[in-house]
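Undergrad: Below is a structure I'd like to ask you about.
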Amino acid sequence: MIEDNKDKSSRAISGHLAKLRRVMRGILILAGLMASLMLVYSGYIYASSPAVIRNPKLEHYHFRMQILVNGKAEDFSSKAYQTGYAKDQCNANLPEQPIHFHDNKDQFTHIHWEGMTGGMVMKYYGWNYIGGFDKALGYKLDDISNIQKVTTHGNYLPQVPKNATFYVYTGNEKGYKLRSFDDWKNQDLEEFFGTTSNSPAHDINKNGGEQASLMNQLFPTAYAHGNENDSKADNDQETETEKLTRINNLLGNVVIFVQKDKPTSQQIKDRFNDLEPLSDSTCGG
Numbered sequence: 008m009i010e011d012n013k014d015k016s017s018r019a020i021s022g023h024l025a026k027l028r029r030v031m032r033g034i035l036i037l038a039g040l041m042a043s044l045m046l047v048y049s050g051y052i053y054a055s056s057p058a059v060i061r062n063p064k065l066e067h068y069h070f071r072m073q074i075l076v077n078g079k080a081e082d083f084s085s086k087a088y089q090t091g092y093a094k095d096q097c098n099a100n101l102p103e104q105p106i107h108f109h110d111n112k113d114q115f116t117h118i119h120w121e122g123m124t125g126g127m128v129m130k131y132y133g134w135n136y137i138g139g140f141d142k143a144l145g146y147k148l149d150d151i152s153n154i155q156k157v158t159t160h161g162n163y164l165p166q167v168p169k170n171a172t173f174y175v176y177t178g179n180e181k182g183y184k185l186r187s188f189d190d191w192k193n194q195d196l197e198e199f200f201g202t203t204s205n206s207p208a209h210d211i212n213k214n215g216g217e218q219a220s221l222m223n224q225l226f227p228t229a230y231a232h233g234n235e236n237d238s239k240a241d242n243d244q245e246t247e248t249e250k251l252t253r254i255n256n257l258l259g260n261v262v263i264f265v266q267k268d269k270p271t272s273q274q275i276k277d278r279f280n281d282l283e284p285l286s287d288s289t290c291g292g
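Residues in the sequence shown are numbered consecutively from 8, following the numbering used here.
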């Protein structure tokens with residue numbers, strides 16, 4: 008009788024152990040599947056986020072942009088496009104928003120992260136011709152403990168008409184040239200405009216700060232529209248337009264006609280003769 012009870016106890020213990028092993032095996036399989044899914048998703052986030060979004064670097068330059076859909080110019084000074092900002096922001100902290108409009112100004116586009124493209128600018132305001140995440144430029148992954156989704160501003164650009172073509176022009180009141188939509192969409196804006204940013208952050212990003220002093224690298228100051236001496240304009244040979252272009256760190260001007268037929272020469276000239284005036288500003292958003 009005693010041995011029968013021992014056998015029953017042994018069988019019960021063995022059964023419990025077998026059940027426990029099955030449960031533990033199931034838990035381990037589930038944990039492995041979850042880890043695999045997280046790894047796959049993390050890889051997807053990484054691969055689908057451009058390097059300039061994954062690991063953003065400070066920049067600060069501007070360009071003037073006009074977009075006309077079937078002849079109607081989009082008003083970037085409207086409330087839908089405008090964003091608030093810290094007007095005393097003269098430090099080297101990376102802004103949360105890579106792109107924005109402010110001060111109720113039309114055309115004047117602010118770029119705060121290095122490596123932005125025209126395609127990113129369009130997607131930021133509702134026209135996605137570069138793919139990737141819906142309503143986001145990607146994920147900011149430079150701090151694994153604080154992964155951030157870089158969401159777009161919203162879908163505010165008007166609907167693109169059927170059979171419309173994007174006619175992209177760069178220039179100014181003195182002249183203009185037709186550009187490739189693919190170049191506008193895909194190239195770094197500095198490359199697209201053929202102009203190098205004069206922001207001190209540009210030197211640090213591109214050259215490791217070789218032209219900056221050690222003190223500036225340790226305690227950088229982000230002169231928003233050029234270097235420390237830009238606001239003094241001590242170059243007597245510089246015209247007022249050149250001075251304001253330098254102070255505002257303006258890369259160029261782009262006009263985009265979205266319509267079926269190519270715009271006339273007069274229509275293009277009219278837009279480049281209607282550029283938003285530049286202000287004598289040395290710091291800000």
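All C-beta atoms in this analysis are idealised placements derived from N, C-alpha and C, irrespective of residue type, glycine included. The structure displayed is predicted, hence computed values, not measured ones.
In whole angstroms, what separates the C-alpha of S286 from that of T252?
TA: Position 279 of the sequence shown, counted from the first residue, corresponds to residue 286. Position 245 of the sequence shown, counted from the first residue, corresponds to residue 252. Approximately 9 angstroms, taken between the alpha carbons.
Undergrad: Could you tell me how far apart the beta carbons of K147 and P63 are, in whole angstroms, since I believe they sit closer than 8 angstroms?
TA: For the purposes of this step, residue 147 is taken as residue 140 along the sequence shown, with counting starting at 1. For the purposes of this step, residue 63 is taken as residue 56 along the sequence shown, with counting starting at 1. Indeed, because the Cβ distance is near 6 angstroms, the residues count as touching under 8 angstroms.
Undergrad: Do the region 191-199 and the region 119-138 touch if we need at least three Cβ pairs shorter than 8 angstroms?
TA: These segments touch.
Undergrad: For M222, count neighbouring Cβ atoms within 10 angstroms of its own Cβ and tell me buried if that reaches 16, exposed if not.
TA: Here the question's residue 222 lines up with position 215 in the sequence shown. Only weak support exists for where M222 lies, its pLDDT of 43 falling under 50; the coordinates are left without a value.
Undergrad: With C-beta atoms as the reference, is F173 less than 8 angstroms away from V47?
TA: As a first step, residue 173 is located in the sequence shown; it is residue number 166 there, counting from the start. As a first step, residue 47 is located in the sequence shown; it is residue number 40 there, counting from the start. No.
Undergrad: DSSP three-state label for L75, please.
TA: The sequence position of residue 75 within the sequence shown is 68, counting from 1. The answer is strand: DSSP assigns L75 an E or B state.
Undergrad: Touching or not, the region 84-92 and the region 165-185, by the rule of three or more beta carbon pairs under 8 angstroms?
TA: no
Undergrad: Check this for me: beta carbons of G139 and G145, under 8 angstroms apart or not?
TA: Counted from its first residue, the sequence shown places residue 139 at position 132. Counted from its first residue, the sequence shown places residue 145 at position 138. Yes, Cβ-Cβ distance for G139 and G145 is below 8 angstroms.
Undergrad: Which residue comes first and which comes last in the alpha helix (DSSP H) that contains N255?
TA: As a first step, residue 255 must be located in the sequence shown, where it is residue number 248. Unbroken run through N255: none, as it is neither H nor E.
Undergrad: Tell whether a beta-carbon distance below 8 angstroms holds between E103 and S204.
TA: Numbered from 1 along the sequence shown, position 96 holds the residue referred to as residue 103. Numbered from 1 along the sequence shown, position 197 holds the residue referred to as residue 204. No.
Undergrad: Only counting the same chain, and skipping five residues up and downstream in sequence, which positions put a Cβ closer than 6 angstroms to that of L257?
TA: Position 250 of the sequence shown holds residue 257. Counting only Cβ-Cβ distances below 6 angstroms, and skipping sequence neighbours, we find H69.
Undergrad: Between which two residues does the beta strand (DSSP E) harbouring I137 extend?
TA: Within the sequence shown, residue 137 is the residue found at index 130, counting from 1. First-last for I137: undefined, no H or E at that position.
Undergrad: For K26, count neighbouring C-beta atoms within 10 Å of its own C-beta (all shown protein chains included) and say buried if the count is 16 or more, exposed if not.
TA: Within the sequence shown, numbered from 1, the residue matching residue 26 stands at position 19. The residue is exposed, with fewer than 16 neighbouring Cβ atoms inside 10 Å.
Undergrad: Under 8 angstroms, do Y88 and F108 count as touching if we go by C-beta distance?
TA: For the purposes of this step, residue 88 is taken as the residue at position 81 of the sequence shown. For the purposes of this step, residue 108 is taken as the residue at position 101 of the sequence shown. Against a cut-off of 8 angstroms, the Cβ pair of F108 and Y88 comes out as a contact.
Undergrad: Helix, strand or coil, according to DSSP, for Y51 in the structure here?
TA: In the sequence shown, the residue the question calls residue 51 occupies position 44. In this structure, Y51 counts as helix in the three-state DSSP scheme.
Undergrad: To the nearest angstrom, report how far apart I263 and N193 are at their CA atoms.
TA: Start at 1 with the first residue of the sequence shown, and residue 263 comes out as number 256. Start at 1 with the first residue of the sequence shown, and residue 193 comes out as number 186. Rounded to whole angstroms, I263 to N193 spans 15 angstroms at the Cα level.
Undergrad: In or out: R18 buried (at least 16 other Cβ within 10 Å) or exposed?
TA: Position 11 of the sequence shown holds residue 18. By the neighbour-count rule (16 or more Cβ atoms within 10 Å), R18 is not buried but exposed.
Undergrad: Strictly by DSSP, which residues pair up with V167?
TA: In the sequence shown, the residue the question calls residue 167 occupies position 160. The partner list for V167 (beta bridge, DSSP) is empty, contrary to what the question assumes.
Undergrad: Between the Cα of P165 and those of S56, A80, L35, L282, spot the shortest distance and give me the residue it belongs to.
TA: Position 158 of the sequence shown, counting from 1, holds the residue named residue 165. Of the candidates S56, A80, L35, L282, the one whose C-alpha sits nearest the C-alpha of P165 is A80.
Undergrad: Would I106 pass as a contact of I118 if the rule is Cβ separation under 8 angstroms?
TA: For the purposes of this step, residue 106 is identified with residue 99 of the sequence shown, where counting begins at 1. For the purposes of this step, residue 118 is identified with residue 111 of the sequence shown, where counting begins at 1. Yes; because the gap between Cβ atoms is below 8 angstroms, this pair is in contact.
Undergrad: Does DSSP put L285 in a helix, a strand or coil?
TA: Taking the sequence shown and counting its residues from 1, the one referred to as residue 285 is at position 278. L285: coil per DSSP, three-state reduction.
Undergrad: Determine the burial state of I36: buried for a count of at least 16 other Cβ atoms within 10 Å of its Cβ, exposed for fewer.
TA: Locating residue 36 in the sequence shown gives position 29, where the first residue counts as 1. That one is exposed.
Undergrad: Using 8 angstroms as the threshold, is the C-beta distance between D113 and E283 below it?
TA: Stepping through the sequence shown from its first residue, residue 113 is reached at position 106. Stepping through the sequence shown from its first residue, residue 283 is reached at position 276. Cβ distance < 8 angstroms, so D113 and E283 count as in contact.
Undergrad: Assuming K267 and N170 form a contact by the criterion Cβ under 8 angstroms, report the distance between their Cβ atoms to the nearest whole angstrom.
TA: In the sequence shown, the residue the question calls residue 267 occupies position 260. In the sequence shown, the residue the question calls residue 170 occupies position 163. Yes, K267 and N170 are in contact; Cβ-Cβ is about 5 angstroms, under 8 angstroms.
Undergrad: Are the CB atoms of V30 and W120 within a distance shorter than 8 angstroms?
TA: Taking the sequence shown and counting its residues from 1, the one referred to as residue 120 is at position 113. Taking the sequence shown and counting its residues from 1, the one referred to as residue 30 is at position 23. No, these two residues do not count as a Cβ contact at 8 angstroms.
Undergrad: Going by alpha carbons, who is nearest to Q273 out of E180, N255, M129, S206?
TA: Locating residue 273 in the sequence shown gives position 266, where the first residue counts as 1. Per the Cα distances, E180.
Undergrad: So, for T90: in the same chain, excluding its five sequence neighbours on each side, which residues have a beta-carbon less than 6 angstroms away from its beta-carbon?
TA: The sequence position of residue 90 within the sequence shown is 83, counting from 1. Cβ within range, chain order: H107, H109.
Undergrad: Give the range of the beta strand (DSSP E) segment to which F115 is assigned.
TA: In the sequence shown, counting from the first residue as 1, residue 115 sits at position 108. 115-120 is the span of the beta strand (DSSP E), which, as asked, contains F115.
Undergrad: In the DSSP output, which residue or residues are listed as bridge partners for N153?
TA: For the purposes of this step, residue 153 is taken as residue 146 along the sequence shown, with counting starting at 1. Partner(s): none; N153 has no beta bridge.
Undergrad: In chain order, what are the residue ranges of uninterrupted beta strand (DSSP E) at least 3 long that sit wholly in the region 168-218?
TA: 172-179, 182-186
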